[in-house]
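Trainee: Input: one structure, supplied below.
Residue numbers (the working numbering): -3 to 145.
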């Protein structure tokens, strides 16, 4: 069982440091960027880069080409038709893709995802690193309660 999580076209690079720290705490096997590069940020004060690898993909095709065998790409997007996170059953092998803070995941990326899930909220969306934390918490909670094995 493994998972990775990353951001497509990350606008505020500080979010990568926050994602990295959360990913380490929730046991992610790797994080990634699509169409962006990471620089060490003050938000990564625990030096998570030493324990959780970061992969940089040039575009969504590059990401898709390098998905591990038998692994699902799961888009996180508050869009019509997306599955509600509350009822979503996480698979043992998954890569979660979140979009840029101002535009979400691209249409092309959404079309390549095996599943699209949304986090219910009152005002429309969360900060991308907060959304990633919610997804990882939900995955950890559901998998630790043997909901998905």
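Ideal Cβ positions, reconstructed from N, Cα and C, are used throughout, including at glycine.
Bear in mind that the values here come from a model prediction, so they are computed numbers and not experimental data.
Using a Cβ-Cβ cut-off of 7 angstroms, state whether residue 110 counts as contacting chain C.
Mentor: This model lacks chain C altogether, as it is built from one protein chain only.
Trainee: For residue 111, which of helix, strand or coil comes out of DSSP?
Mentor: Taking the chain shown and counting its residues from 1, one reaches residue 111 at position 115. Strand.
Trainee: Which same chain residues end up closer than 7 angstroms to residue 135 when comparing Cβ atoms and leaving out the 5 residues on each side of it in sequence?
Mentor: The count along the chain shown starts at 1 and reaches residue 135 at position 139. Hits under 7 angstroms: -1 and 86.
Trainee: What separation, rounded to the nearest whole angstrom, lies between the Cα atoms of residue 114 and residue 73?
Mentor: Along the chain shown, read from residue 1 onward, the residue named residue 114 stands at position 118. Along the chain shown, read from residue 1 onward, the residue named residue 73 stands at position 77. If I take the Cα positions, the gap works out to 5 angstroms.
Trainee: Along the chain, which unbroken stretches of the alpha helix (DSSP H) at least 4 residues long are found entirely within the stretch 64 to 144?
Mentor: Entirely contained in the stretch 64 to 144, the alpha helix (DSSP H) runs reaching 4 residues are, in chain order, 103 to 108 and 124 to 140.
Trainee: Where does residue 45 sit, in a helix, a strand or coil, going by DSSP?
Mentor: Here residue 45 refers to the residue found at position 49 when the chain shown is read from its first residue. The answer is helix: DSSP assigns residue 45 an H, G or I state.
Trainee: In whole angstroms, give me the CA-to-CA distance for residue 46 and residue 128.
Mentor: The residue you call residue 46 lines up with position 50 of the chain shown. The residue you call residue 128 lines up with position 132 of the chain shown. For residue 46 and residue 128, the distance between alpha carbons rounds to 20 angstroms.
Trainee: Could you check how far apart the C-beta atoms of residue 147 and residue 4 are, in whole angstroms? I think they sit under 8 angstroms.
Mentor: For the chain, the structure presents residues -3 to 145; residue 147 sits outside this window and is missing.
Trainee: Sort out for me which residues DSSP pairs residue 30 with in a bridge.
Mentor: Working through the chain shown from its first residue, we reach residue 30 at position 34. Answer by DSSP bridge pairing, in chain order: 4 and 53.
Trainee: When you compare the CB positions of residue 77 and residue 109, do they come within less than 7 angstroms of one another, or not?
Mentor: Along the chain shown, one-based indexing puts residue 77 at 81. Along the chain shown, one-based indexing puts residue 109 at 113. Taking 7 angstroms as the Cβ cut-off, residue 77 and residue 109 do not qualify as a contacting pair.
Trainee: What does the alpha-carbon distance come out to for the pair residue 93 and residue 9?
Mentor: Taking the first residue of the chain shown as position 1, residue 93 is located at position 97. Taking the first residue of the chain shown as position 1, residue 9 is located at position 13. Cα-Cα distance, rounded: 16 angstroms.
Trainee: Would you tell me roughly how many angstroms separate the C-alpha atoms of residue 20 and residue 44, rounded to the nearest one?
Mentor: Position 24 of the chain shown holds residue 20. Position 48 of the chain shown holds residue 44. Rounded to the nearest angstrom, the two C-alpha atoms are 7 angstroms apart.
Trainee: With a threshold of 16 other CB atoms inside 10 Å of the CB of residue 18, please say whether the residue is buried or exposed.
Mentor: For this step, residue 18 is matched to residue 22 along the chain shown. That one is buried.
Trainee: May I ask you to list the residues that DSSP assigns as paired with residue -1?
Mentor: For the purposes of this step, residue -1 is taken as residue 3 along the chain shown, with counting starting at 1. According to DSSP, which records beta bridges pairwise, residue -1 is partnered with 90.
Trainee: By alpha-carbon positions, which one of 118, 125, 102 and 138 ends up nearest to residue 57?
Mentor: Position 61 of the chain shown, counted from the first residue, corresponds to residue 57. Comparing Cα-Cα distances from residue 57 to each of 118, 125, 102 and 138, the minimum goes to 102.
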